[in-house]
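**Q** One structure follows; several queries about it will come next.
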Amino acid sequence: MTPPATTLAPNVSAAAPTRALPDRVTQATILLLSALTIMSGATIAPALPAMQAYFAASPNAALLVKLSLTIVGLVIAISAPLSGVLADRYGRRPVLLWSLALYALGGASGLVATSLGGVLIGRVVLGLAVAGTMTAAGALVNDLFTGPARGRFLSQQAAFSSFGGALLFPLGGVLAAWSWRAPFGLYLLAALLLPLVWRLPRGVPALHGNDASDTTSPRWPLITVVYALALVYMIIFYLMPVEGPFLMRNLGASPGLTGVLLGTFALTSAVTSLLYARAAGRFDPRRVSGLGFGLVALGWALMSAAPGLGVVVAALILAGLGGGLVFPNLYTWLADLTPPAWRGRVTAGMSSAVFLGQFLSPVVLTAPAGLEAHTFVWGAGAAGIVGIGLLVFSRGRVAAAGRAA
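Under this note's numbering, the sequence shown has 1102 at position 252, and the numbering climbs by one with no breaks.
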């Protein structure tokens, strides 16, 4: 199942046996599950300034309020490997059902929390839930799709997740203008997915079909590279929900307008992923990821110098174009490197990398109040270096493959 070392694009897996596509309800359920990942942060991002003002008397309130958004990432980074083991051993569906219940309870706890400590405890529970949903749903995608169909669905999944952000950022902003607690109520929507998840296939590929005889080992060196790229990307990407609301407030944006602007970024990313889905499988995923990093670099460079909200919109659109290309291609590359019996665990490693990057973003790239634009300078530089490195690496692979032929 694992592609040869000279594999350059996901469409080489088209040679694998074709598998019937899952029904539309199953596909829709997986897409809805994907929206829960971005919902874990997008929902409360516009409320951060109001939450900070409410808890201003608490020690280290400024840092702890930002960590209330990103501590979810640390919990996922720690717990996702266990979720992967459970998903491979007991199946995707049981892990998803338990995770959805925790998601609703932990996410909505902010409605009643009376201290920052209480908010953070609820966010820890939410992190455990997201680790389960992201890992089990990601493994299920690899169970049910192969070849170019997998690449197309991964792009659609990324688009749907971003569309969720495009809706939730503005909705969170509207609710945050009423009360900083109100956005936490949106997490209760996860409970509505329980009946849909109940009808999903159990999804343990190691126990049935041709996959049972596959003893191929994962290609850990390249998988580790993908993990590292995902971690770096999330550190850069999460500048927007963590530092963006404060930068926009400094430029005169209200919480509601901040939500709309954050939604613009997510919407652009969604449209890009959706349009790219038609071309998925035709291009080297490393090269397209490199292009995506480059566009994010240009967007953040523009953001760092924005004199007003008009330039912010242009920067968000540019970065959104890049963001819509990075993750679908990183996940496609990872799927091509993963044997069936390891899907849960390898996907869990990706979840850990993604959300460790989310947690580290305000730690690695942070600035004093009023100087948030400086963080976007560092983010632009890091994204540019990674983008150039990926483009050079993919060109070198193509040249090496040509000489071998």
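No residue lacks a Cβ here, since even glycine has one placed at the ideal position from N, Cα and C.
Any idea what DSSP makes of S1029, helix, strand or coil?
**A** coil
**Q** Is the separation between the beta-carbon of A1027 and that of P1105 shorter than 7 Å?
**A** yes
**Q** Identify the continuous alpha helix (DSSP H) that holds I1073 and give its terminal residues.
**A** 1070–1087
**Q** Since T1182 is in the alpha helix (DSSP H), which residue starts that stretch and which ends it?
**A** 1159–1186
**Q** For G1094, which residues from the same chain have a beta carbon less than 7 Å from its beta carbon, with the 5 sequence-adjacent residues on both sides left out?
**A** L1112
**Q** Grab the span of the alpha helix (DSSP H) containing R1137 for me, first residue to last.
**A** 1135–1154
**Q** Count the C-beta pairs between the stretch 971–990 and the stretch 946–958 that are closer than 8 Å, then say yes if the count reaches three, no if not.
**A** yes
**Q** By Cβ distance below 6 Å, which residues in the same chain neighbour S1139 in space, the five residues on each side in sequence not counted?
**A** V1176, N1179, L1180, L1240
**Q** In terms of alpha-carbon separation, which member of L1125, A1120, A1080 lies closest to F1143?
**A** A1080
**Q** Got a sec, what are the start and stop residues for the alpha helix (DSSP H) T1114 sits in?
**A** The continuous alpha helix (DSSP H) containing T1114 extends over residues 1105–1127.
**Q** Find out if the Cβ-Cβ distance for the pair L1166, F1226 is shorter than 7 Å.
**A** no
**Q** Go ahead and pull the three-state DSSP assignment for F1019.
**A** helix
**Q** When we look at the beta-carbon of G1252 and count the other beta-carbons within 10 Å, is it buried (16 or more) or exposed?
**A** Only weak support exists for where G1252 lies, its pLDDT of 42 falling under 50; the coordinates are left without a value.
**Q** Between which two residues does the alpha helix (DSSP H) harbouring D938 extend?
**A** 911–940
**Q** Is the stretch 922–933 touching the stretch 1202–1212, taking contact as three or more C-beta pairs under 8 Å?
**A** Output reads yes: the stretch 1202–1212 touches the stretch 922–933.
**Q** Here's the rule I'm using: 16 or more other beta-carbon atoms within 10 Å means buried, otherwise exposed. How should P1071 be labelled?
**A** exposed
**Q** Look up I894 in the DSSP assignment and say whether it is helix, strand or coil.
**A** coil
**Q** Assuming contact is defined by CB atoms lying nearer than 7 Å, are T1188 and A989 in contact in what I supplied?
**A** No; because the gap between Cβ atoms is not below 7 Å, this pair is not in contact.
**Q** Kindly indicate which three-state DSSP category A1062 falls into: helix, strand or coil?
**A** With a pLDDT of only 45 at A1062, under 50, the local geometry of the prediction cannot be trusted, and no value is derived from it.
**Q** So, G1022 versus G1109, is the Cβ gap smaller than 7 Å?
**A** yes
**Q** Out of curiosity, what's the CA-to-CA distance linking T1122 and P1135?
**A** In a straight line, the C-alpha of T1122 is about 15 Å away from that of P1135.
**Q** For L966, collect the residues of the same chain with a Cβ closer than 8 Å to its Cβ; drop the 5 residues on either side in sequence, then sort them by chain order.
**A** F905, S908, A911, L914, V915, S918
**Q** How far does the alpha helix (DSSP H) with W1048 in it reach, from first residue to last?
**A** Taken as a continuous stretch (DSSP letters only), the alpha helix (DSSP H) holding W1048 covers 1044–1048.
**Q** For V875 and L1036, what's the separation of their Cα atoms in angstroms?
**A** 23 Å
**Q** What do you get for I880, buried or exposed, if any count of 16 or more other CB atoms within 10 angstroms of its CB means buried?
**A** buried
**Q** So what does DSSP say about V980, is it helix, strand or coil?
**A** helix
**Q** What are the start and end residues of the alpha helix (DSSP H) that includes V962?
**A** Looking at the DSSP string, V962 is not in any alpha helix (DSSP H), and its letter there is neither H nor E.
**Q** Kindly indicate which residue of L1159, W1192, N992 has the alpha-carbon position closest to the one of A870.
**A** N992
**Q** Could you check what DSSP says for P1051 in three-state terms: helix, strand or coil?
**A** coil
**Q** List the whole-angstrom C-beta distance separating L947 from V1047, where the pair is believed to meet the contact cut-off of C-beta under 8 Å.
**A** 6 Å
**Q** Is it buried or exposed, P1045, if we count other Cβ atoms within 10 angstroms and call 16 or more buried?
**A** Exposed, because fewer than 16 other Cβ atoms sit within 10 Å of the Cβ of P1045.
**Q** Whole angstroms is fine: what's the gap from G1160's alpha carbon to L1145's?
**A** 18 Å
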